[in-house]
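Comments concern the structure below.
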Amino acid sequence: MSHSTVPRGRAQAKTNAKAKDGADPSTGASGAESETSAKSSSAGFGRLGRSGKQGSGRGGGSGGSLGKSGKSGGLSGKVSLRIRLRRDRTLILMTVPAILLILVFNYIPVFGNVVAFQDYDPYLSDNGFVAMLQSPWVGFEQFDRVFADSEFWHAVQNTFVLFFLQLVLFFPIPILLALLINSVLRPRVRAMAQAIMYLPHFFSWVLVVTVFQQIFGGAGVIAQTLADHGSTGFDLMTDPESFKYLVTLQSVWKDAGWGIIVFLAALSSVSNDLYEAAAMDGANRWRRMWHITLPALRPVIALLLVLRVGDALTVGFEQLLLQRQAVGPDASEVLDTYVWWNGIRNQDFSYAAAAGLIKGIVGLTLVLVANKVAHLMGEQGVYKK
Numbered sequence: 002m003s004h005s006t007v008p009r010g011r012a013q014a015k016t017n018a019k020a021k022d023g024a025d026p027s028t029g030a031s032g033a034e035s036e037t038s039a040k041s042s043s044a045g046f047g048r049l050g051r052s053g054k055q056g057s058g059r060g061g062g063s064g065g066s067l068g069k070s071g072k073s074g075g076l077s078g079k080v081s082l083r084i085r086l087r088r089d090r091t092l093i094l095m096t097v098p099a100i101l102l103i104l105v106f107n108y109i110p111v112f113g114n115v116v117a118f119q120d121y122d123p124y125l126s127d128n129g130f131v132a133m134l135q136s137p138w139v140g141f142e143q144f145d146r147v148f149a150d151s152e153f154w155h156a157v158q159n160t161f162v163l164f165f166l167q168l169v170l171f172f173p174i175p176i177l178l179a180l181l182i183n184s185v186l187r188p189r190v191r192a193m194a195q196a197i198m199y200l201p202h203f204f205s206w207v208l209v210v211t212v213f214q215q216i217f218g219g220a221g222v223i224a225q226t227l228a229d230h231g232s233t234g235f236d237l238m239t240d241p242e243s244f245k246y247l248v249t250l251q252s253v254w255k256d257a258g259w260g261i262i263v264f265l266a267a268l269s270s271v272s273n274d275l276y277e278a279a280a281m282d283g284a285n286r287w288r289r290m291w292h293i294t295l296p297a298l299r300p301v302i303a304l305l306l307v308l309r310v311g312d313a314l315t316v317g318f319e320q321l322l323l324q325r326q327a328v329g330p331d332a333s334e335v336l337d338t339y340v341w342w343n344g345i346r347n348q349d350f351s352y353a354a355a356a357g358l359i360k361g362i363v364g365l366t367l368v369l370v371a372n373k374v375a376h377l378m379g380e381q382g383v384y385k386k
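Position 7 (the sequence shown) corresponds to 8 in the working numbering; numbering is contiguous.
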């Protein structure tokens, strides 16, 4: 018979309590020993972290090497180029067709600008590249011809006039339309308005000019209506004086709806909590738009404005070429049509290449200047400082 004074259930409870406090019932290790080992382990990890930061220290060779690898590897967030290429191979393959298109149609033709310094004759060889190598060099003679041509300066004047008109009359319209659509509460009405505004963007310039001819031409709807009421002589499509405004109106009708996509995307990132907080503070609709909506659009406006300034010398080649015969070259001649007329129609390739190279250099200069102005205004622009 057992004479133990401690009941069996109470002994088991004490054993469980010791195990809970850190002692091992099987080995009899005390909780103090477990606490000591935990502290030493924590100290070891601390030394490992310090050695990883400072390199291999006293007796911490492995920890130091781990710290160094962590500093130069994945612990700092840096991934090697090989790993990134393997990770993003699907996205890279998706961009290959676009890269090839840019190379073929944008970068490879840049080498053709060498003919601007030659008296290029395409009939020297059946191969255009060989003809380029065999053409005589004339230096800056073609550029002297361009600068001495009064028609070139007239084309430059028309180009800048159309650019400023489109910048003042066309550029703000997509912003206003985006604000108007964003204020519409009913999703169905908003979707219908967007579809109606987007639709003209998918029309070709031939169709756009035809539509305007049927409305503003001598035999158009307006002219026929006025003729029925005893008035005659209305033909806006053949009036050289109002042609620049007509071209701007055509651009607005065709591309204004498409231009609001970027601004609507920027507006979608604005939290509704800002509008609710402003409304609770007593701000009316105009105050909310001025202090919340427009600041959200400011970076996008700056970016698109820089890009638009860089595209200042390209104001619509096909649009103006289609209407050149109706209003004459004095009203419709711009740099693009000037280069096409001299290079393709007159086959003066070196002269046209010189004029096109001048246009490209001026466009690049405008981009750099506009981007610098954006930086001075506190915006990022096309690229960072």
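A virtual CB, placed ideally from N, CA and C, is assigned to each residue, including glycine.
To which residues does DSSP link residue i through a beta bridge?
i: residue 381; result: DSSP output for residue 381 lists no bridge partner at all.
Would you mind sorting residue i into buried or exposed? The rule is 16 or more other CB atoms within 10 Å of its CB.
i: residue 338; result: buried
i: residue 377; result: exposed
i: residue 119; result: buried
i: residue 343; result: buried
i: residue 44; result: With a pLDDT of 43 at residue 44, under the threshold of 50, the modelled position of this residue cannot be trusted; read the value that follows with caution. Exposed: under 16 other Cβ atoms inside 10 Å.
i: residue 53; result: Caution applies to residue 53, whose pLDDT of 41 falls short of 50 and renders its modelled position unreliable; the value that the coordinates give is listed next. It counts as buried.
i: residue 294; result: buried
i: residue 313; result: buried
i: residue 283; result: exposed
i: residue 27; result: For residue 27, the pLDDT reaches just 41, beneath the cut-off of 50, and the residue's location in the model is therefore unreliable, although a value from the coordinates is still provided. Flag for residue 27 reads exposed.
i: residue 92; result: exposed
i: residue 130; result: exposed
i: residue 385; result: exposed
i: residue 1; result: A question about residue 1 goes unanswered here, because the residues of the chain that appear run from 2 up to 386.
i: residue 224; result: buried
i: residue 124; result: exposed
i: residue 348; result: exposed
i: residue 99; result: exposed
i: residue 108; result: exposed
i: residue 135; result: exposed
i: residue 153; result: buried
i: residue 220; result: exposed
i: residue 103; result: exposed
i: residue 249; result: buried
i: residue 303; result: buried
i: residue 176; result: buried
i: residue 40; result: The predicted model places residue 40 with a pLDDT of 43, which falls under 50 and marks its position as unreliable, so this point remains unresolved.
i: residue 360; result: buried
i: residue 141; result: exposed
i: residue 79; result: exposed
i: residue 358; result: buried
i: residue 382; result: buried
Between residue i and residue j, is the Cβ-Cβ spacing less than 9 Å?
i: residue 372; j: residue 301; result: no
i: residue 323; j: residue 212; result: no
i: residue 265; j: residue 167; result: no
i: residue 296; j: residue 254; result: no
i: residue 257; j: residue 174; result: yes
i: residue 164; j: residue 305; result: no
i: residue 352; j: residue 187; result: no
i: residue 288; j: residue 279; result: yes
i: residue 356; j: residue 114; result: no
i: residue 333; j: residue 346; result: no
i: residue 132; j: residue 126; result: yes
i: residue 310; j: residue 367; result: yes
i: residue 298; j: residue 375; result: no
i: residue 218; j: residue 229; result: no
i: residue 191; j: residue 182; result: yes
i: residue 251; j: residue 222; result: no
i: residue 121; j: residue 318; result: no
i: residue 286; j: residue 184; result: yes
i: residue 259; j: residue 199; result: yes
i: residue 245; j: residue 162; result: yes
Say the cut is 8 Å; is the CB of residue i nearer than that to a heavy atom of the ligand HEM?
i: residue 243; result: Among the components of this structure there are no ligands whatsoever, and the ligand HEM is therefore not found.
Checklist entry - Fully enclosed by the segment 215-272, which alpha helix (DSSP H) runs are 4 residues long or longer? => result 222-229 and 244-269
Next on the checklist: Check whether the segment 323-338 and the segment 265-273 are in contact - that is, three or more C-beta pairs closer than 8 Å.
Outcome noted: no
Next on the checklist: Threshold first: 4 residues or longer. Then list the alpha helix (DSSP H) segments lying entirely within the segment 294-335, N to C.
Outcome noted: 295-311, 318-323, 325-328 and 330-333
Next on the checklist: I'd like to know if the segment 149-158 and the segment 234-252 are in contact, where contact means that at least 3 CB-CB pairs between them fall below 8 Å.
Outcome noted: no
Checklist entry - Taking the runs of the alpha helix (DSSP H) that are 4 residues or longer, which of them lie wholly in the segment 86-148? => result 90-103 and 129-135
Checklist entry - What residue ranges within the segment 170-207 form continuous alpha helix (DSSP H) runs of no fewer than 4 residues, ordered along the chain? => result 173-183 and 188-199
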